[in-house]
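Only one structure is covered here, and it is reproduced in the block below.
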Amino acid sequence: MQKIKTADKVNGIMIQLEMKNLINQINISAWQSKSDWFYITLFETHIDTNSLSLKDESKEIRAFQPIMNQESVQLGFHMRNKIDYFDIDQDVSNSMAFINLHYPTSNLADIVDLDKNIFNKTHSNSKNSIYKWLYLSSATLIINGLVNQDNYNNWQTKTGVAIISISILSKRVFKN
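For what it's worth, the numbering used here labels the leading residue of the sequence shown as 23, then goes sequentially.
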């Protein structure tokens, strides 16, 4: 094994194992203990655990501990959140294994609720910004039409009055 990289995702953590030689997928297993440790066991693998560390360390992993046994290497990850399930995939062409750790779906529901609140605030702010822009542009047109023209019945004044009238009416109709 050459490198271990981690990446935080919305629904969990991705662990990427970069290896010199690909390990047969039946020689990779994983499990989670009740003490929030998640273990990946690589059978028929030998590495120097002293030189092995995490690259791109995850904020969701409290600690990392590689353990060398006689016939296997065990990679321990002390997790901040419970893992609901995991899957193991391999990229044969690049000699990499990906272990995707998935949080419980209740965590995702919390994130979706948070996103809805952010959307509602942003949507409301966007509407207010549009009205402010319409008021400012119509006022600019009216003032420009009154100051720079001899005739007050010019296109700038008419357009400015039309924009401000439509803005006020639409704000009242849509109750913003």
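Even for Gly, the Cβ is constructed at its ideal location relative to N, Cα and C.
According to DSSP, residues forming a beta bridge with residue i
i, result
"Lys27", "Gln38, Lys77"
"Leu97", "Ile62, Pro88"
"Trp53", "Tyr61"
"Ile83", "Met101"
Residue from the options whose Cα sits closest to the Cα of residue i
i, options, result
"Glu82", "Ser57, Gly34, Gln54, Asn175", "Gly34"
"Ser160", "Ser187, Ser192, Ala119", "Ser187"
"Lys77", "Met23, Ile185, Gln178", "Met23"
"Trp53", "Asn176, Thr63, Leu44, Asn173", "Thr63"
"Leu191", "Met36, Leu156, Ile26", "Leu156"
"Met41", "Trp59, Leu74, Lys31, Ile89", "Leu74"
"Phe108", "Ser51, Ala85, Asn72", "Ser51"
"Tyr153", "Ser189, Val114, Gln47", "Ser189"
"Val183", "Arg194, Leu168, Asp172", "Leu168"
"Ile48", "Lys31, Ala119, Phe99", "Ala119"
"Phe86", "Gln112, Asp111, Trp59", "Trp59"
"Asp30", "Asn43, Arg84, Asn46, Met90", "Arg84"
"Ser115", "Asn72, Ile185, Asn43", "Asn43"
"Phe99", "Gln112, Asp113, Lys56, Asn91", "Lys56"
Assigned exposure category for residue i - 16 Cβ within 10 Å defines buried
i, result
"Phe196", "exposed"
"Ile121", "buried"
"Thr162", "exposed"
"Ile165", "exposed"
"Leu158", "exposed"
"Ile37", "buried"
"Ser80", "buried"
"Ile26", "buried"
Residue i beta carbon near the ligand PLP (any heavy atom closer than 7 Å)
i, result
"Ile121", "As for the ligand PLP, it is missing from this structure, which has no ligand bound."
### Query
Is it a yes or a no for the segment 94–104 touching the segment 117–129, going by three-plus beta-carbon pairs under 8 Å?
Counting Cβ pairs under 8 Å, three or more are found: they touch.
### Task
Please go through the segment 105–131 and give each complete beta strand (DSSP E) segment of 3 or more residues, from N-terminal end onward.
Along the length of the segment 105–131, whole beta strand (DSSP E) runs at least 3 residues long occupy 107–113, 118–124, reported in chain order.
#### Entry: Sufficient close CB pairs (3 or more, under 8 Å) joining the segment 62–77 to the segment 87–100
Contact holds: three or more Cβ-Cβ distances are below 8 Å.
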